[in-house]
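> Numbering (this note's numbering), first residue to last: 217 to 509.
1. If you compare alpha carbons, which of 351, 340 and 360 is closest to residue 378?
2. Return the chain-ordered list of same chain residues with a C-beta closer than 7 Å to the C-beta of residue 374, the five sequence neighbours on each side being excluded.
3. With residue 267 as the anchor, note down where its beta strand (DSSP E) starts and where it stops.
4. Considering residue 396, what are the terminal residues of the alpha helix (DSSP H) in which it resides?
5. Using C-beta distances below 6 Å, list every residue in its chain close to residue 425, excluding the 5 sequence neighbours before and after it, in chain order.
6. With a Cβ-Cβ cutoff of 9 Å, do residue 289 and residue 433 count as a contact?
7. Just verifying my parser: in three-state terms, what is the DSSP assignment at residue 258?
8. Do residue 402 and residue 420 have their C-beta atoms closer together than 9 Å?
9. Can you find at least 3 beta carbon pairs, one from the stretch 256-265 and one from the stretch 464-478, that sit closer than 8 Å?
10. Please name the residue in 236, 309 and 252 whose C-alpha comes closest to that of residue 268.
11. Should residue 309 and residue 417 be called a contact, given that it needs their Cβ atoms to be closer than 9 Å?
12. For a minimum of 3 consecutive residues, which ranges assigned as the beta strand (DSSP E) are wholly contained in the stretch 265-303?
13. Can you name the start and end residues of the alpha helix (DSSP H) that residue 364 belongs to?
14. Helix, strand or coil for residue 229, going by three-state DSSP, please let me know.
15. Does residue 461 come out as helix, strand or coil in the three-state DSSP assignment?
16. Going by CA-CA distance only, name the one from 349, 411 and 482 that's closest to residue 247.
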C-alpha cells in the first residue's frame, strides 16, 4: 500500500495547522470558557462575577423543569433518529429498484437537504397553521384538533415531523450510495439462495449497510440534539412558555433571555459530557458489532 511521504516532519503539521486552529478557536476555547463560567454567578452586563463552586450544577439536579426537558430531549432524539433512518432506508431501497425516471425520483428526495433548519421550521409553521394549514386540516378531518404552539403534545409532534423531514434526504443519499456499492455478484447469489426479498434484505443487504448505518446513527443523534435548534426556535415563535424544548434550546433561553450565564454554562457542560459519554458508548459497544468489508 502506498503511503504519503514527507521530506520533513513539520510539513504535515503545517498542513494540519489551519484545521487545528479552527478546532481550537471554535471548540476548545469556548468549551474551556464554558467550564470556567459554570463555577461562577455572573452579572449579565459584565460588572463582576462571584465564585459559587458547584452550586450551578446542584441547582440543575434539583430542578424539576430541567429534568423534564432532559427527558423530552431523550424522547425527541430517539423519535427523530429512528424515523429519519427508517424512512430514508425505505426510500433508498425503493429508489435503488426504480428504473424509469430514477434521476428525477432521487432529485425530488434530495432537494430538501438544501433547506436551512430555520426555513424548515417556517415551512412547518405554514403546514401546521391553525387557520388554513394543510396538515392541520388533515388532522382535523380525522378528529384531531391540532393546535401548534398551544398544546404541548401537538407542538412536539410538529417538531418531530419537521425535523425528520429535514434529515431524511441526508440519510437517503448515504443509504442509496451504500446500496449501489453492493456488488452485483452478491445480489445474484442472494437471489439464488433466498427468493424472499424481505429475507434477502435482512440476511444480506442490511448487514452490508451496517457501517453506513452506524455512521448515520451518530450523525442523526448529533443532529437531533444540536442541529434542530433552528427548527425549534422558529416553531415555538420565540415564545417557549410551556411549549416543548430540548436541552440545547434551554441553554439559549436561560443564557440569552434569562441572563443566567453561569447556569446556562453549567447546562452546556452537562450536555457536552453526556454527548461525549454517548459517543464513547457507541464506538466501544455498538461498533464492535459492525463488520467492515
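In this text, a Cβ means the ideal position worked out from N, Cα and C, and glycines have one as well.
So, to answer that:
1. For the residues 351, 340 and 360, the minimum Cα distance to residue 378 belongs to 340.
2. Here the set comprises 340, 344, 364 and 451.
3. Secondary structure note for residue 267: its beta strand (DSSP E) is the uninterrupted segment 265-267.
4. Unbroken alpha helix (DSSP H) run through residue 396: 368-396.
5. Once the five neighbours on either side are set aside, the close Cβ partners of residue 425 are 394.
6. Their beta carbons are not under 9 Å apart, which means residue 289 does not touch residue 433 by this criterion.
7. The answer is strand: DSSP assigns residue 258 an E or B state.
8. Less than 9 Å divides the Cβ of residue 402 from the Cβ of residue 420.
9. Counting Cβ pairs under 8 Å, three or more are found: they touch.
10. Of the candidates 236, 309 and 252, the one whose C-alpha sits nearest the C-alpha of residue 268 is 252.
11. Yes, they are a contact pair.
12. List check, beta strand (DSSP E) in window: 265-267.
13. In the DSSP assignment, residue 364 falls outside any alpha helix (DSSP H), carrying neither H nor E.
14. Helix at residue 229.
15. Of the three classes helix, strand and coil, the one that applies to residue 461 here is coil, per DSSP.
16. It is 482 whose Cα lies nearest to the Cα of residue 247.
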